[in-house]
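Listed in order, the protein sequences are those of chains V and R.
Using this note's numbering, you'd call the opening residue of the first sequence number 1 and step up by one each time.
Using this note's numbering, you'd call the opening residue of the second sequence number 304 and step up by one each time.
Here a beta-carbon is modelled for each residue, glycine too, at the ideal position from N, C-alpha and C.
Since we're looking at a predicted model, the values are computed, not measured.
Presented below is the structure to which this report refers.
Number of protein chains: 2
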Amino acid sequence: MSENVAEILTSGVKLTDAALERLLPGADTLPHSIHRAMRHSTFAGGKRLRPILVIESARMVAHGKLPEGIADLGSVIEMLHTYSLIHDDLPALDNDDLRRGQPTCHVAFGEAMAILAGDALQTLAYQTLSQLPGDPARVIEVIREISFATGTGVGGKLPPGMIGGQVMDIEAEGQKPTAELVEAIHRAKTGALITISIVAGGIHAGATAAQTAHLRSFGEKAGLAFQIVDDVLDVTQSSEELGKTAGKDTASDKATWPAVFGIEASVEQAASLIADAFAELDSFGASAEPLKSIARYLVERKH
Amino acid sequence: MSENVAEILTSGVKLTDAALERLLPGADTLPHSIHRAMRHSTFAGGKRLRPILVIESARMVAHGKLPEGIADLGSVIEMLHTYSLIHDDLPALDNDDLRRGQPTCHVAFGEAMAILAGDALQTLAYQTLSQLPGDPARVIEVIREISFATGTGVGGKLPPGMIGGQVMDIEAEGQKPTAELVEAIHRAKTGALITISIVAGGIHAGATAAQTAHLRSFGEKAGLAFQIVDDVLDVTQSSEELGKTAGKDTASDKATWPAVFGIEASVEQAASLIADAFAELDSFGASAEPLKSIARYLVERKH
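In structure tokens, the structure reads:
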């Protein structure tokens, strides 16, 4: 990791954690149990990659400045990510007892509280969005973009978002994964939230419609590349290196990129997607370097 | 039921159902399973009381006119109500197999899909809010009010909303219910969504800050009265009359109004709360009659 990347990551984590600490009700706020459950999962060692993308996208659009409220916007994405993980981990879904080496929310607080803590993190995300500073029309645009990116897809007019991807993944279990299916699941289940991190950060920083279109295209390509790298690491790394149960995706016959294309081709495709993604940032010139270096780090990481 | 009330209910149900039909993805929209699960619970015979309160509150503020988008706003409240019912019914929470005589969402579609369908209805509520017509600052105010009314309470500064009430109810199980506890649970678990129906309808229709304060106070008092009547009916009516398992609250030692005050005093308190609530609407003059007649019907109903 270059010094530059390490600095961006460290400062992004610090900004995000301070905002989350302020935005989440305290562990001693009534009713206690749910606030403790929400904090347990929110402060369980997440890398804050999505908030960092929000922050760096905004910084790029604003020529190096950090727009007011940007850490709150990053925290919103982290709340939505955390709520989806809490619900994904439930016995009725992936039935995971551990995440990042810690007991999952339902193991620590019971299933009822885990369901409600996930619900409440989604609600808190919109509470936070509704209090963002800035032009109200732009705040509503951010709310609209985020709600669509995390939904199921509406009326067939939009690609499914995060929940839609989760459902496609469940529906696909036991089927032989095809390239088309795996790509659709990845784009929805994980890609949509990565993309919206970059798009929302840009819109909040004042991006023009043309800039937003480039950011969206960058996010879609980079988001798919990140997920391909995740899939590859799941196959090639040991559990110890990954910090979670390796090979779980393969073992449970989940739709993954290497299962369809093999490892070597997957690595090549991730590299090619990132090159295409970088081309989308040409018009931002040198301001794009920090965001590019983070993206490069994410596809080149080994764990 | 007077002819007038019957007309208001019928037209409110019609407006709401048409909006929900348009706003929910079709049963044949991919991914199928979740959209079918969302529709199953949304169109399971709900009385649409909350959307009707949204509509009638707006009509009162707008002197008899229906503001553009009001049925969508009513549908948002119904989506949030439905999501909370789907999650409440889950085995880890109330473990209910039937609601309004139909299989609950997890019985019909499995637990995983019920969890995700609840999540997606909450998301769809905010998608819909982000597309409401009108002044953006006022739309954000509505989003802020609704998100706080359905949350857990933040930083101790605000009373808990819907999820907070659900948690308080869970935490109270096995404890002897006190008057203070039962009131706090009712105000949060069911009162907050009733109140916000009336407040949001009014804000969307252009209510002044003073009018909004009266609407909030009306909603808090009337909402508590409705819940007391619900509690009383649960004790006094047979299962057949209620269309659900009667006496369930008592049997499971839940915090209810008659358990603390007895039936007779509960009935008197509901009547007294409604009288106080009506006084909050004095400044609206004759325009308040439809909303009052709905509130009167709700506390005088026998099932």
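DSSP places proline 177 (chain V) outside both helix and strand once states are collapsed to three, so it counts as coil. For methionine 1 (chain V), there is no enclosing alpha helix (DSSP H), as DSSP marks it with neither H nor E. By the 16-neighbour rule on beta-carbons within 10 angstroms, glutamate 414 (chain R) is buried. With a threshold of 7 Å between beta carbons, alanine 415 (chain R) makes contact with chain V.
DSSP places phenylalanine 529 (chain R) inside the alpha helix (DSSP H), whose first and last residues are 512-539. Secondary structure at leucine 98 (chain V): strand, using DSSP grouped into helix, strand and coil. For the pair glycine 219 (chain V) and threonine 195 (chain V), the CB atoms are nearer than the 7 Å cut-off. Taking the CA atoms as reference points, leucine 224 (chain V) sits about 8 Å from glutamate 183 (chain V).
Excluding residues up to 5 positions away in sequence, Glu583 lie with their Cβ nearer than 6 Å to the Cβ of serine 520 (chain R) in the same chain. Cβ-Cβ distances below 7 Å link alanine 475 (chain R) to Leu484, Ile488 and Ala558 in the same chain, with the five nearest sequence neighbours on each side left out; the list follows chain order. Three or more beta-carbon pairs separated by less than 8 Å link the region 364-371 of chain R to the region 505-520 of chain R, which places the two stretches in contact. Annotation for arginine 50 (chain V): the continuous alpha helix (DSSP H) segment containing it runs 49-61. In this structure, serine 75 (chain V) lies away from threonine 150 (chain V), with their beta-carbon atoms at least 7 Å apart. Any Cβ of chain R closer than 7 Å to the Cβ of glycine 164 (chain V) would place that residue at the interface, and such an atom is present. When V:Leu291, V:Thr104 and V:His81 are compared, the shortest CA-CA separation from lysine 47 (chain V) is found for V:His81. Within the region 105-135 of chain V, the residues whose Cβ lies closer than 7 Å to any Cβ of chain R are, in chain order, Glu111, Ala112, Ile115, Leu116, Asp119, Ala120, Gln122, Thr123, Leu124, Tyr126, Gln127, Ser130 and Gln131. Under the three-state reduction of DSSP output, proline 439 (chain R) falls in the helix class.
For alanine 574 (chain R), the uninterrupted alpha helix (DSSP H) segment begins and ends at 566-582. Rounded to the nearest whole angstrom, the CA to CA distance from valine 267 (chain V) to aspartate 231 (chain V) is 10 Å.
Collapsing the DSSP output to three states places proline 159 (chain V) in coil. Under the Cβ criterion of 7 Å, arginine 144 (chain V) is counted among the residues facing chain R. The Cβ atoms of glutamine 425 (chain R) and serine 147 (chain V) do not sit closer than 7 Å to each other. For leucine 388 (chain R), the nearest beta carbon of chain V is not closer than 7 Å to its own beta carbon. Listed along the chain, the chain R residues whose CB falls inside 7 Å of the CB of phenylalanine 148 (chain V) are Gln430. Put simply, the region 580-599 of chain R touches the region 307-322 of chain R. At least three CB pairs are less than 8 Å apart.
By the C-beta density criterion, threonine 481 (chain R) is exposed, having fewer than 16 other C-beta atoms within 10 angstroms. For the options V:His106, V:Glu300 and V:Trp257, the alpha carbon positioned closest to that of alanine 271 (chain V) is the one of V:Glu300. Listed by position along chain R, the residues whose Cβ is nearer than 7 Å to that of isoleucine 170 (chain V) are Ala415. For valine 139 (chain V), the nearest beta carbon of chain R is closer than 7 Å to its own beta carbon.
Proline 91 (chain V) is not bridged by DSSP to any residue. When Cβ-Cβ separations below 7 Å define contact, proline 31 (chain V) makes contact with chain R.
Measuring C-alpha to C-alpha distances from glycine 165 (chain V) to each of R:His606, R:Leu333, R:Phe564 and R:Lys368 identifies R:Leu333 as the nearest.
Counting the other CB atoms within 10 Å of its CB gives alanine 71 (chain V) a total of 16 or more, which places it among the buried residues.
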